[in-house]
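Residue numbers (our numbering), protein chains in the order written: chain A, 1 to 432; chain B, 1 to 432; chain C, 1 to 432; chain D, 1 to 432.
4 protein chains.
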Amino acid sequence: MALESDSKRTVPRAGALTAEKLAADFRSVRGRSEALAAPLSPEDSSAQSMADASPTKWHLAHTTWFFETFVLEGSEPGYRAFDSSYRTLFNSYYNSVGDQYPRPQRGLLTRPGLAQILEYRERIDEGILRRLEEDLFSPELLNIVELGLHHEEQHQELILTDLLHLLAINPQRPGYRLDLAEPETSELAPLTWHPGAEGIQSIGHPGIGFCFDNEGPQHETLVAPHFLASRLVSNLEYQEFMQDGGYSRPELWLAEGWALCQEENWRAPLYWQEAEAGWKAFGLAGMGPVIPSEPVSHISFFEADAYARWADARLPLETEWELSAKEPVPEDNLADADRLRPQSLNSQPGSGPYQLFGDVWEWTQSPYQAYPGYRPGPGALGEYNGKFMSNQYVLRGGSCVTPRRHIRSTYRNFFPAHARWQWSGLRLAKDA
Amino acid sequence: MALESDSKRTVPRAGALTAEKLAADFRSVRGRSEALAAPLSPEDSSAQSMADASPTKWHLAHTTWFFETFVLEGSEPGYRAFDSSYRTLFNSYYNSVGDQYPRPQRGLLTRPGLAQILEYRERIDEGILRRLEEDLFSPELLNIVELGLHHEEQHQELILTDLLHLLAINPQRPGYRLDLAEPETSELAPLTWHPGAEGIQSIGHPGIGFCFDNEGPQHETLVAPHFLASRLVSNLEYQEFMQDGGYSRPELWLAEGWALCQEENWRAPLYWQEAEAGWKAFGLAGMGPVIPSEPVSHISFFEADAYARWADARLPLETEWELSAKEPVPEDNLADADRLRPQSLNSQPGSGPYQLFGDVWEWTQSPYQAYPGYRPGPGALGEYNGKFMSNQYVLRGGSCVTPRRHIRSTYRNFFPAHARWQWSGLRLAKDA
Amino acid sequence: MALESDSKRTVPRAGALTAEKLAADFRSVRGRSEALAAPLSPEDSSAQSMADASPTKWHLAHTTWFFETFVLEGSEPGYRAFDSSYRTLFNSYYNSVGDQYPRPQRGLLTRPGLAQILEYRERIDEGILRRLEEDLFSPELLNIVELGLHHEEQHQELILTDLLHLLAINPQRPGYRLDLAEPETSELAPLTWHPGAEGIQSIGHPGIGFCFDNEGPQHETLVAPHFLASRLVSNLEYQEFMQDGGYSRPELWLAEGWALCQEENWRAPLYWQEAEAGWKAFGLAGMGPVIPSEPVSHISFFEADAYARWADARLPLETEWELSAKEPVPEDNLADADRLRPQSLNSQPGSGPYQLFGDVWEWTQSPYQAYPGYRPGPGALGEYNGKFMSNQYVLRGGSCVTPRRHIRSTYRNFFPAHARWQWSGLRLAKDA
Amino acid sequence: MALESDSKRTVPRAGALTAEKLAADFRSVRGRSEALAAPLSPEDSSAQSMADASPTKWHLAHTTWFFETFVLEGSEPGYRAFDSSYRTLFNSYYNSVGDQYPRPQRGLLTRPGLAQILEYRERIDEGILRRLEEDLFSPELLNIVELGLHHEEQHQELILTDLLHLLAINPQRPGYRLDLAEPETSELAPLTWHPGAEGIQSIGHPGIGFCFDNEGPQHETLVAPHFLASRLVSNLEYQEFMQDGGYSRPELWLAEGWALCQEENWRAPLYWQEAEAGWKAFGLAGMGPVIPSEPVSHISFFEADAYARWADARLPLETEWELSAKEPVPEDNLADADRLRPQSLNSQPGSGPYQLFGDVWEWTQSPYQAYPGYRPGPGALGEYNGKFMSNQYVLRGGSCVTPRRHIRSTYRNFFPAHARWQWSGLRLAKDA
């Protein structure tokens, strides 16, 4: 995702988007954000552990600002803002809307407090829901409401991602939730290789249903013969890489990654800590053992790339990934809140690659670029995605903290190559 | 004060320090800290606006840690800590006690939260008060309890000082308290010059009653003939300096100050902001007009020094200041909470310098050094003061946020020459 | 190019590489490096203006180190080094060879001095030439000699590039050579649009003759319908962009570029300076007027991209560029030394895009990635190119300081998006 | 010394300053600067190893600029500068003269080169000498010529000081001169304690003969009973401190020094390096053994202070030092060029403290402040000293690279507490 992480925009595409359906989705999605924040104290919700992360409280306000600015303000002339200072305070990166409060100082905005932001949410929700119920919005505004819900789902993932980073700084290593199920080690199926589709292939979103603008236009591409690994690289395998000197052999690394590895003294994935009895990892349930069968997570593009080179393989191209990921996304019977770690419950060995959705984001070797023919829309929402298309890499799939509804095969997530605070891992590929 | 701002230590000196009197003081001082924090939300109490400042919540915990570590732990073998992680989390800078949580990250410690810290205070207070009431403490421990109260008073000033800095970052410029009296402009008495004592003079604390170790030993010093200004430099006078190019004429500045002035683009005291109708200033009551008759405040040593050079005068030596400041500190009938800006109520023109106590801290030209014969005490409390005696300047007097009980003529406050976030101003001196 | 700028490697490919032909090339290429340094004083040759640049003296030594390390050491066991400390001092980035002297401190290596480095060159040249004349090298070593010459040509371009940056820091703005021809403004042919090849096309080096490893393997790719501009964007056109607010309209920029533009206060190409009579530019002949008909130069990828967006066009893909660039590279009758600014002498309007070779490097929108099937070779020379394939963009063509022999249509130059100190400009493209 | 290190000014004081005598001194002092630079290559003379240091070439030009700007320009209206750009290029810090070329980039000024600067020197020397010989200067200008010579002597010390720092960065560790005498270990006389003068004492320069303005006014001060160590702390003793954990025990350090020690990983004096056979040190003759009997050198104020605390002593006050240092400075028969390391040849045990002059600068505990009644002169030369009087400490004595003529008992050198690149050591003191 973009630095600001709210960087996906939809071009209105048609479809049976009814106000009634949207109202139900609106209630559900908005409520889920508040549920995610429920275990947090006002202090937890207000701190910012680094410039790339934001306080939970800020996420809650910014997603609301999105609806107020792009829907309510757009829906009636003379709309009176809940608080005029919010226009700047909770604008993430939309230059067309105006100035922005400096990102690295979001944690210093102690006011408005959590309670007042929840009140803000309530007020805006009332405004949106009343107009949805009375069917007052134009189709274009309905599209923006839908976009706002997908935008909010992106921030739901960020709330958990940023929070894990914050809690990890506390030497007490407090868990976000202490009622989560104990992880279990399971048998690891042997990794097998599967040939992917080749020749001229069509990729990108077909335009039926919602997508972000960067998922299109659908277009043809030429795919070389290749194989994809059946499953993700596991913690067990990643530890073999570590034991084989993975973090001390420059020949395995891109030059830029090696410099960073030295400078920041990387020796393991971000939240791992060496203990007498072996490696432990910090997660939303607190510190716990590294589970060998789980996919490795919280690694940068550089680490993923080095692992692949060590394994005599390479990272997949995003097109290779997309072609192998046949929808629909498999069902599971877990509530989002019970997921919160890469458990791979729904992903079983089959005839092709599995573990594609909902475990960890998968780094690809594809720089994040526009698809041929892509043009960002006009106005502020044109800033959603396109302006972040430099020096980032595409990740595919979706992680255990990605809302289930939000996962699809054409989805293009993106982060700079050094980023490690997401649930990001890798799947191997190789030339045929 | 030291970076950590709890940097004064007492050498036990005797005196009628009864447990009963101490228990009353203890209740009063500890209660006042909580009263200061009462207008704050948990979010307000938890944020840290720069590495030199600390969250209110941290101040509340650290002052409690002081009593737990140096009194309760010292009073009984096998004492069981309230929470063993606090030993590190709330240790400011005592290497003898052990490791310290990194200072610039105090604002990221969302847990323990404010409520839990108030509980911590309650528990430790019970422990101290019970033992005081049962008269269980040795004279040495009684001395440390007394030191702990003065230590807490220093942190009370820091709570307000750090908070003002934090609130100033919020573009809404929220006031700490909105019920404070409106400031009034008063007539400014003309500045007059008063000869000070000269020749061999005795300075430093005489050793009767409490003082910090850096106030002694009392000793003789040779004082040259000089004059001290009757009162502090006012906002009106400081604006004349500004209008006369004070911030753009390098010949008025020390080289180091000039470089900083350029680099940080100083044009006025820290919290001043230019508006159409003239300068405004941010204070604990929010934004308001600059009151011409009030002493200028929130200036660095470099600005004070440049002003003095512009005025064809100089900053006083700390000995000159001390000799002119006859005790007792004049009474006023204000509650501390009603003071909170430099109002000069108690300081009326008389036969000598006035406005010496309780308006703003006065920069002197004296580097903060040990008095002849000074030796820090043994053990952890020996770290209170001595180790900060480099690259800082002495300030004298006391400000409107200094607890009244805490002000005395021998008191030596100290800050680096660039510091501006205290209520710091100046009084002129010149050679006779 | 890579940070180290010597990042292209050849896989030995066969061919009629005779020792005799190589000896002649060796004399010519090596001599040209010394000729480039001839106008410089020892002081000029020794300074380093930023971490990304290197002193001329260092370039002269490093290219020699390349021959000593990879050819002479490889050619005879027990080879005795000219100076064993050079192994570290002049190793750019080859981890397989051993440690490297810290890059940002190359300008502090006052010893060996220029004279001693010229002596080093002489000694190594003798060693290489003697063995070539006696035909003692294996085919593999002959290949490495050839690679070393191309490597040296890359450094010849860097010598001038880094030197311009250094001289620009001197307020006297001294020219590198004062005997260069006065530039003349010429008529600017109107920009026209030319359709490129589309569908499945073959790109990459065919493998006959020398190329760097990153130019292959030759492979097929799918090209969408598109147009390429007939010529480069001129200084005149770029000034229109500037006058139209190009540097102050965030909607034209990638987010990362906009942040940088603000932070570094970009207002024009790197070496431009506003004077009363209009813009001037610093070049190898010193300060002079901006010539309207010359191609704009010394702009970053971000500026090129913003210009293209402003012009309602886009940057070309590297494949689009390569397909349009038919060889052979047109001849001109200029000595390299007389070129030294983008004069476009050899590039005349014709039936297709022109100005493709030898004016300025052209930014493409293609991130620098491996071609399908690319694998770096084994050993130290495998570090030449592959490890720099992250967060850089491909530039195509060649500039006025690129040795003529070094220019070809498959050549892939690369720099980070912020780099501006090369002769880099742009050509527009758009979708058909 | 000041950051710029040319920070001492004289108030004209009268005296028998004849043009004839000055001309002889001028020839001698100016010639010595060139002799110091003689062993250096143009490359050596041009590099700058850190912002606090300057290239030799720059020192040679700046001292010449001083004579041109303050003497020649002052002596005749319409004086035509040697090169008008030099006014800015070689202005160190005189705001009254105009802008200054940025200090950290002095090493990037490859032009004018060394040869041209020597030509500049020659031309200015002719101008000065001709006017001296014709006795054309006013008494005030004669005073400035004399000041300029002392200024140049300060820069002679800096040339060697900055050069050592530069050469130390080269892994070859080249010596400045290879013809220096081998150092010999001598017997170390036991350290004895000597009572100093006490009560009211007069210090500061009496005003007969040359001094810098900061050495006066002479004034009375009150001195407490104390002892001074007979000699400097030796390398042997300093190694005992190291072996006793001197660099790992925070209780020995000022807080600021301890933080720096951790951050920069100090384990020994600046140029020491641990080898198998014990510690070695880098000096002007290259790497060599640490000589146990030599005074320790290249330590910061913080290290000196920590050593003194470890030794249960303290650093002297500058007044204590000055009172013990009876002139005349003892003679020796060494040429300056043969000194170049702290050999203590002229300093023999006697009835009081010895080793006071010409070994290493001695850190005192006195912050660098104005003496009572000090006022800088008017105009540019008033910037020489006064503006550096903050956050620096006074050093007394003079080192082995201080020109002999330049040493006197009232001389006040000054550096920030962290500085280590001078020949700086310490002598112990204690309270009586």
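Ideal placement from N, C-alpha and C gives every residue a C-beta, glycine not left out.
Note that this is a predicted model, so its numbers are computed, not measured.
7 Å Cβ cut-off: residues of chain A touching residue i
i	result
C/I200	L222
C/A57	For clarity, residue 57 of chain C is Lys in the given sequence; the question names Ala instead. None at all; the shortest Cβ gap to chain A is about 24 Å.
Exposed unless 16 or more other CB atoms sit within 10 angstroms - verdict on residue i
i	result
D/Q28	Looking at the sequence shown, residue 28 of chain D is not Gln but Ser. Exposed is the call here.
C/A306	buried
A/L166	buried
C/F414	buried
B/R396	buried
C/R267	exposed
C/P403	buried
D/I200	exposed
C/S33	buried
A/P206	exposed
Proximal residues of chain D, C-beta to C-beta of residue i below 9 Å
i	result
B/Q116	Within 9 Å Cβ-Cβ: nothing; B/Q116 doesn't reach chain D, min ~30 Å.
Enclosing alpha helix (DSSP H) for residue i [first to last residue]
i	result
C/D431	No alpha helix (DSSP H) contains C/D431, which is instead part of the beta strand (DSSP E) from 427-431.
A/R396	No alpha helix (DSSP H) holds A/R396; the beta strand (DSSP E) holding it covers 393-396.
C/A306	301-310
A/N143	139-169
C/P42	42-46
C/L222	Premise fails: C/L222 lies in the beta strand (DSSP E), 219-223, not in any alpha helix (DSSP H).
Test item: CB-CB of residue i and residue j under 7 Å
i	j	result
D/A19	D/D135	yes
C/T364	C/W423	no
C/H194	C/L222	no
D/P295	D/G425	yes
B/T56	B/I124	no
C-alpha gap between residue i and residue j, whole angstroms
i	j	result
A/Q343	A/C400	8 Å
A/E126	C/G196	55 Å
A/D431	A/G148	40 Å
C/N95	D/E274	26 Å
B/L323	B/R80	48 Å
B/K387	D/W58	39 Å
A/A24	A/E152	15 Å
Extent of the continuous beta strand (DSSP E) run through residue i
i	result
A/L228	226-229
D/A281	278-283
Chain B residues whose Cβ lies nearer than 8 Å to that of residue i
i	result
D/M389	L254
Cross-chain neighbours of residue i in chain D, by beta carbon under 8 Å
i	result
B/P250	N95
Listed by chain order, chain B residues near residue i by CB distance under 9 Å
i	result
D/D52	Those do not exist, as D/D52 stays about 13 Å from chain B at its closest Cβ, beyond 9 Å.
Quick one, which residues of the region 370-387 of chain A are near chain E if we go by CB-CB under 7 Å, in chain order?
Absent from the structure: chain E. Protein chains present are A, B, C and D.
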